[in-house]
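Note that my numbering has the sequence shown beginning at 247, numbered continuously upward.
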Amino acid sequence: MPRTSSLVVGTLAGLLTLGGCSQAGVSTDDAYKVGCPALDAVAASGSVVGKVALAGLEQLRDSGNVSGDAKKWVETSISFLSDPQKVSEADKKFVKDGCANHGYPLKNF
Numbered sequence: 247m248p249r250t251s252s253l254v255v256g257t258l259a260g261l262l263t264l265g266g267c268s269q270a271g272v273s274t275d276d277a278y279k280v281g282c283p284a285l286d287a288v289a290a291s292g293s294v295v296g297k298v299a300l301a302g303l304e305q306l307r308d309s310g311n312v313s314g315d316a317k318k319w320v321e322t323s324i325s326f327l328s329d330p331q332k333v334s335e336a337d338k339k340f341v342k343d344g345c346a347n348h349g350y351p352l353k354n355f
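Listed below in structure tokens is the structure:
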């Protein structure tokens with residue numbers, strides 16, 4: 247499996263696991279830790295990965311474990327994955343800045 251594919255699979259598996267662990271003490275930083283690499287992988291690889299990342303972020307949003315800027319970041323990321331054309335440049339910048347501010351600069355976004 248190519249390195250990029252391995253990273254995508256591992257990142258998305260983590261995202262889905264994280265989304266399913268709403269009772270396991272998921273922190274706000276976990277949204278960025280798992281979401282940023284997933285968004286970058288989606289930007290590099292395509293729509294199938296995007297659907298998996300979207301499902302994971304939706305689970306994370308619905309878990310009730312994210313709030314404030316992290317919740318807005320998750321919502322904006324979901325909007326981007328749903329339809330990138332409908333996300334404003336300001337919202338794209340918000341997503342990129344959120345990742346960069348949490349130590350995960352995006353390279354493909």
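The beta-carbon is built from N, C-alpha and C at its ideal position, and this holds for glycine as well.
Whether residue i touches residue j by CB criterion (9 Å)
i, j, result
"PHE326", "ASP337", "yes"
"GLY344", "ALA316", "yes"
Close Cβ partners of residue i (< 6 Å) along its chain, the five nearest in sequence each way excluded
i, result
"VAL312", "THR274, ALA277, VAL320"
"VAL341", "THR322, SER323"
"ALA290", "ASN354"
"LYS339", "none"
The alpha helix (DSSP H) enclosing residue i, as first and last residue numbers
i, result
"PHE340", "335-347"
"TYR278", "274-291"
"VAL312", "Premise fails: VAL312 is in no alpha helix (DSSP H) and is neither H nor E."
Alpha-carbon spacing of residue i relative to residue j, whole angstroms
i, j, result
"GLY281", "ALA299", "8 Å"
"SER328", "VAL294", "12 Å"
"PRO283", "TYR350", "7 Å"
"LYS297", "LYS318", "19 Å"
"GLY314", "VAL288", "24 Å"
Chain-order list of residues whose beta-carbon lies under 7 Å from that of residue i (same chain, five-residue window excluded)
i, result
"ASP286", "LEU352, LYS353, ASN354, PHE355"
Residues of its chain near residue i, where Cβ-Cβ distance is below 8 Å and the 5 sequence neighbours each way are ignored
i, result
"HIS348", "ASP275, TYR278, LYS279, CYS282"
"ASP346", "Sequence inspection shows Ala at residue 346; the Asp mentioned does not correspond to that position. Around ALA346: LEU352."
**Message:** Does the structure place the segment 333-349 close enough to the segment 301-313 that three or more beta carbon pairs sit under 8 Å?
**Reply:** no
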